[in-house]
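Peer 1: If you scroll down you'll find the structure; I have some questions about it.
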Amino acid sequence: MNTISRRNWVKGMALATLGSVVFTDLKAANAPQINWSVDHDTLLNAWMGVIIPESSIPGAVSLGVPAFVKVMLRDCYEPSSSALLQKVLADLPSIEKGTESEKEALFFQIEKGKMGSDAQKAMKTLKGLTIQGYTTTEYVMVNHHNYVMAPGFFNGCEPLKK
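Note that the sequence shown covers residues 97 to 258 in our numbering.
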């Protein structure tokens, strides 16, 4: 039976770790680029404003969730999903001049599949990413979920109780 020295084991683990880091970086460098035009950005912001609108608390657009959605679509989804979302956003009727109730009614129609299965799938993806991005923003986490970055405070000057 062959035995391995500690030195050889550490060398092997270091090489394996380095190889996985290099492979990950190369894979990320070859990721497809998604081109978002100004029109697509405007449509994305408008629909995200329907999903989580501005009120007494900031909405999705003002907290920067559109940037999160674009990064998630680029890094975590197939390019076809992003292309489908862009196509659906461009094909939907304009919501710029509608009232809030008209926008919500149109969104609910899309969610129920009355505008086609592609639109329903794209809006489901957009809604999920919008909610995920919104609920993980610093504002929501700190002000509504009472998130503390490092829980369990240490106070070194406290006397020990015996």
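Just so it is clear, CB atoms sit at the ideal spot from N, CA and C, and this is done for glycine as well.
Within its chain, find whatever has a CB closer than 7 Å to the CB of K262; leave out the 5 residues flanking it on each side and keep chain order.
Peer 2: Look at the range of the chain in this structure, 97 to 258, and you will see that residue 262 is not part of it.
Peer 1: For T221, does the count of other Cβ atoms within 10 angstroms reach 16, so buried, or fall short, so exposed?
Peer 2: T221 comes out buried.
Peer 1: When DSSP labels each residue in this structure, what does P255 get in the three-state scheme?
Peer 2: P255 falls in the coil class under three-state DSSP.
Peer 1: Just mark S101 as buried or exposed, buried being the case when its beta carbon has 16 or more other beta carbons within 10 Å.
Peer 2: Under this definition S101 is an exposed residue.
Peer 1: In chain order, what residues of the same chain lie with their CB nearer than 6 Å to the CB of A201, ignoring the 5 residues before and after it?
Peer 2: Closer than 6 Å at the Cβ level, and outside the excluded window around A201, lies no residue.
Peer 1: For a test of the three-state rule: what should DSSP assign to G108, helix, strand or coil?
Peer 2: In the structure shown, G108 sits in a helix (DSSP, three-state: H, G or I).
Peer 1: I need the DSSP call for M245, collapsed to helix, strand or coil.
Peer 2: Of the three classes helix, strand and coil, the one that applies to M245 here is coil, per DSSP.
Peer 1: Grouping DSSP H, G and I as helix and E and B as strand, with all else coil, what is W132?
Peer 2: Reduced to three states, the DSSP call for W132 is coil.
Peer 1: Rounded to whole angstroms, what's the CA-CA distance from N104 to F250? Just pull it up for me.
Peer 2: Cα to Cα, the separation comes out at about 40 Å.
Peer 1: Shortest alpha-carbon distance to M219 belongs to which of Y243, L180, S197 and Y230?
Peer 2: Residue L180 is the option with its Cα nearest to M219.
Peer 1: Helix, strand or coil for G211? Go by DSSP, reduced to three states.
Peer 2: It should be pointed out that residue 211 corresponds to Met in this sequence rather than to Gly. Coil, per DSSP.
Peer 1: Closer than 8 Å is the cut-off here; do at least three beta carbon pairs connect the stretch 148-166 with the stretch 229-237?
Peer 2: At 8 Å Cβ cutoff, the stretches touch.
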